[in-house]
Amino acid sequence: MILEASPSVTNHKRAEDEFNPLLAAEARFDQAAEKLNIDEGMQKVLRSPSREIIVHIPVQLDDGRLEVFTGYRVQHSIARGPAKGGIRYAPDVTHDEVRALASWMTWKCAVTNVPFGGGKGGIICDPSLLSPSELERITRRYTAELFEFIGPEIDVPAPDVNTNDQTMAWIMDTYSMHSRHTQTAVVTGKPVDLGGSRGRTEATGRGCMIVTEQALRLLGMARSDARVVIQGFGNVGGMAARLMSRAGFKIVCIIEWDGAVYNANGLNIEALAKHRKETGSIKGFAEAEDIDRNEAMFLECEVLIPAARENVITSQNAHKIRAKILCEGANGPTTHLADPTLREKGIFVIPDILANAGGVTVSYFEWVQDRQGYFWNEQLVNDRLEEIMVNSFRDVVAYAQKHEVHNRLAAYMLALDRVQFAIKLRGIYA
Ligand SMILES: NC(=O)c1ccc[n+]([C@@H]2O[C@H](COP(=O)([O-])OP(=O)(O)OC[C@H]3O[C@@H](n4cnc5c(N)ncnc54)[C@H](O)[C@@H]3O)[C@@H](O)[C@H]2O)c1
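Residue numbers (my numbering): 192 to 621.
This is the structure we're talking about:
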């Protein structure tokens with residue numbers, strides 16, 4: 192007997208699959224691997240994480256109770272250098288999500304040609320329910336459990352969702368205590384006073400601005416005519432908004448989780464940031480109009496920068512996008528099922544593994560500076576970031592033209608090709 196799923200079950204499954212980050216990562220990998228004609232064995236090597244670690248962390252809470260938290264660290268590839276990637280703290284962290292994010296880091300580092308592989312970590316916890324001292328104990332125990340598996344030459348973590356420079360300072364200190372000497376290069380995204388790099392906080396937003404400028408130039412459009420819509424007013428979106436507005440772009444709309452603000456003549460970003468600081472929301476800003484946050488992403492504009500979270504452009508809404516350029520500031524904002532619609536609409540996509548790579552690029556600079564023991568001024572950081580982002584953009588566009596594919600596929604193909612080349616050069620150690 193053949194059992195058939197009902198249409199509602201099929202639709203539910205389709206939606207679940209569309210939002211599964213691991214399936215999304217695999218879908219893009221498959222397309223690129225097929226196009227490059229990578230043989231089956233090499234595909235297996237490229238697809239498989241190099242190492243996956245699960246730790247169960249006992250921690251004493253402030254009220255004296257004992258709790259156990261589960262943490263992950265996935266090192267997807269170490270073919271081109273130490274694994275590199277953030278650590279996130281969230282209640283919905285899953286092993287699959289960490290796996291997908293680790294593989295994205297491999298491809299991102301390869302696209303920008305920085306000498307790292309890819310890694311990612313996460314702890315299942317709700318930071319909003321934990322005190323700073325509880326978070327510190329969780330972080331330190333997680334670091335101690337991972338001591339043999341991380342290090343400047345092995346795997347270099349960084350901040351991600353709900354972790355920050357303070358978290359990195361705790362990791363650096365714990366690792367250094369176990370090593371019996373200070374090792375600043377074990378993590379990036381540290382405070383500048385503890386071996387962090389100047390320009391790191393702005394780096395991802397700055398990178399988005401640099402590649403958007405390149406896209407405008409390629410499409411023969413002027414910066415002053417570019418209306419920009421940004422989703423997310425946090426680190427990436429907020430910085431991109433600030434820097435782009437200062438550079439002469441017209442930021443017409445900012446979208447947050449609780450509302451959206453619009454001004455056809457361009458928002459005053461510094462004033463909007465002040466308003467949010469004072470009121471806790473972007474809504475009710477005197478110099479703009481409050482608009483429906485669910486429709487704001489579909490405004491007619493030259494540039495749309497989703498810089499909040501994953502899976503916001505889907506098979507259900509991609510047809511409504513009216514931007515000419517989509518610069519993916521967030522990781523995975525577009526589902527793989529939305530890709531064909533964007534292509535049909537002729538939208539110029541700057542894929543996440545290129546668009547938001549400014550962060551890992553300046554993390555690389557931080558690691559270099561820590562190992563040199565010599566720190567660069569901000570101008571040097573920004574100049575070198577620009578050089579890498581512009582070269583990476585050009586590499587992806589040239590690859591797209593040469594292979595007659597769209598930018599996302601080109602970025603994946605370029606990355607896979609670089610990683611497989613490194614693996615072949617090194618050979619497989621028996
Ligand atoms: N920070 C970095 O250097 C960096 C580097 C590469 C990629 N990223 C990616 O960029 C994205 C944003 O990271 P971040 O560091 O800016 O985080 P963040 O927490 O600083 O900012 C995210 C902002 O998005 C807002 N937001 C949340 N849900 C929203 C929704 N549904 N609609 C509109 N706004 C919403 C939040 O309120 C917050 O202001 C993530 O996908 C992250 O993985 C960040």
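Just so it is clear, CB atoms sit at the ideal spot from N, CA and C, and this is done for glycine as well.
P240 and D481 have their C-alpha atoms spaced approximately 45 angstroms apart.
Ligand 1 never approaches W558 closely enough for any of its heavy atoms to be under 8 angstroms from the residue's Cβ. Here L385 has A360, M363, T375 as same chain residues with Cβ atoms under 7 angstroms from its own Cβ, once five neighbours each way along the sequence are excluded. For Q422, the enclosing beta strand (DSSP E) begins and ends at 418 to 422. The continuous stretches of alpha helix (DSSP H) do not include V443, which lies in the beta strand (DSSP E) extending over residues 441 to 447.
Residue pairing by DSSP places Y590 opposite no residue, since no beta bridge is assigned to it. Uninterrupted beta strand (DSSP E) stretches at least 3 residues long and entirely within the segment 318 to 396 occur at 346 to 350, given in chain order.
At a cut-off of 8 angstroms, the beta-carbon of W298 does not count as near ligand 1: no heavy atom of the ligand is closer than that.
Just measuring C-alpha positions, the residue of L213, V559, P273, T261 sitting nearest D287 is L213.
With a contact defined as Cβ atoms closer than 8 angstroms, V377 and P343 qualify at about 6 angstroms. Residue side-chain check: R585 keeps its Cβ at 8 angstroms or more from all non-hydrogen atoms of ligand 1. With a threshold of 8 angstroms, the Cβ atom of R290 does not count as near ligand 1, since no heavy atom of the ligand is closer than that. Residue state for I245 is assigned as strand, using DSSP reduced to three classes. H267 sits in a strand when the DSSP states are folded into three classes. For A514, the uninterrupted beta strand (DSSP E) run begins and ends at 514 to 518, by DSSP. In the three-state DSSP reduction, Q234 falls in the helix class (H, G or I). If you compare the alpha carbons of N485, S322, M580 with that of E447, the shortest gap goes to N485. For P382, the shortest separation between its Cβ and any heavy atom of ligand 1 does not lie below 8 angstroms. Nearest neighbour of P249 by Cα position, chosen from Q592, A602, E336, turns out to be E336. With 16 or more other Cβ atoms inside 10 Å of its own Cβ, G262 counts as buried. In the three-state DSSP reduction, R414 falls in the helix class (H, G or I). Membership of K275 in the beta strand (DSSP E) is indicated by the continuous run 274 to 281. The residues P343, A376, in chain order, have a CB closer than 8 angstroms to that of R562 in the same chain once the five nearest residues on each side in sequence are set aside. Taking the Cα positions, V420 is about 24 angstroms away from S583. Using a C-beta cut-off of 8 angstroms, the segment 499 to 509 makes no contact with the segment 460 to 472, since fewer than three inter-stretch Cβ pairs fall below that distance.
For the pair K299 and L545, the CB atoms are nearer than the 9 angstroms cut-off. Under DSSP, T261 takes part in a beta bridge, and its partners are H247.
A distance criterion of 8 angstroms places the beta-carbon of I446 in contact range of ligand 1, judged by its closest non-hydrogen atom. Each of A613, M604, V610 was checked against the Cα of R219, and the nearest Cα belongs to M604. Considered as a whole, the segment 493 to 547 harbours 514 to 518, 539 to 541 as its complete beta strand (DSSP E) runs of no fewer than 3 residues, in chain order. Under the criterion of beta carbons closer than 8 angstroms, T379 and V347 qualify as touching, at roughly 6 angstroms. With contacts defined by Cβ atoms closer than 9 angstroms, E519 and T526 do not form a contacting pair. Note that the C-beta distance between V494 and R418 is below 9 angstroms. Residue pairing from DSSP places A451 in a beta bridge opposite I446, I482. A distance of 9 angstroms or more separates the beta carbons of G537 and E501.
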